[in-house]
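Have a look at the structure below, then the notes.
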Amino acid sequence: MPEDGKVETAVPGLSLIRVSHTNQRGPVVYEPSLYVVAQGSKRAYFGQEVYTYDALNYLLLTVPLPLEAQVIRATPEEPYLAVRIALDLNMVTELLMELEEDLPTVKDAVLRGIYSSRLDAEMNDAVLRLVKTLGSTQRSKVLAPIVTKEILFHILQGEQGHILRSFARQDRHNHQLARVLQHIQRNYSQSLEVNDLAVIANMSASSFHSHFKTVTGCSPLQYIKSIRLHEARRMIHQDTQNVGDAAYRVGYASASQFSREYKRMFGEAPSRDGLIVS
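Mapping the sequence shown onto our numbering, position 125 (from 1) lands on 119, and the numbers just tick up by one.
Encoded structure:
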């Protein structure tokens, strides 16, 4: 990659990221993904928790999360280089069906939707082999899904594999919450009532609020607002929507309220803001 940015490759869900300078901590939404860093270092901030990912530690997000992020080690000579692999929970579920008898039983605890863990040699080798499939259309088509499944296998077998399992198992609270977050992602521009979301999760309102904050680090209403603002930001910068149209499309009835909340989150008016590469 000769220039900074994120490039979507011929392998579905596989992106390459390059940043040649450090940047300020700023808000961004991370999609369910695995991040493996080849060079440089980055931090993700989840409430009071800080997750550093670099050549020794990968980052995994099991649900869409509004976070703050910051590249902390990168130069033009040695830029931050990373691979992003979109997380397919359906593939994880299929893999669990094959492995279930070989994995220890885990109680149904509500866990955060983000964690970092040590990158071992076997998993690193698998990620390298996945990237190398980009050199051939046939290799990408045939081998990439197999190697991706192998990478998920290494995560599940790792020290924090139980976290990923808890989001993929359909009888777990984390899976129910992941389903709610997917519903919000698809319907953020509509009127969303917290009690209705609790019904989707099959939880009482009080349990839903508590579990939702554990997984996402914020309340349901804060999460919905963040998703709307981030999507509007994408529309303005990438789709060249004007501010009023973007506000309306993500569910705001008032453009002035949208501009106030946008500036409160991103520190700049919509027309002056710059995007952060996740």
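Cβ atoms here follow ideal geometry from the backbone N, Cα and C, with glycine treated the same way. All figures in this text were calculated on a predicted structure; none of them were measured in a lab.
query	result
Counterpart residues of Leu10 in DSSP-defined beta bridges	Val1, Val77
Contact under 9 Å by Cβ, Leu59 with Gln33	no
Reduced DSSP secondary structure (H/G/I, E/B, other) of Ile22	In the sequence under discussion, the amino acid at residue 22 is Val, which differs from the Ile named in the question. Three-state result, Val22: strand.
Environment of Leu50 [buried if 16+ CB atoms lie within 10 Å]	exposed
6 Å CB neighbourhood of Ser265 in its chain, flanking five on each side removed	none
Extent of the continuous alpha helix (DSSP H) to which Ser253 belongs	249 to 260
Distance between Ile230 and Asn17 (C-alpha atoms, nearest Å)	21 Å
Exposure label - Ser185; buried when at least 16 CB within 10 Å	exposed
Length of the line joining the Cα atoms of Gln232 and Ser134	28 Å
Test item: CB-CB of Tyr109 and Ile157 under 9 Å	yes
Per-residue DSSP class, three states only, for Pro214	helix
Three-state secondary structure (DSSP) of Tyr109	strand
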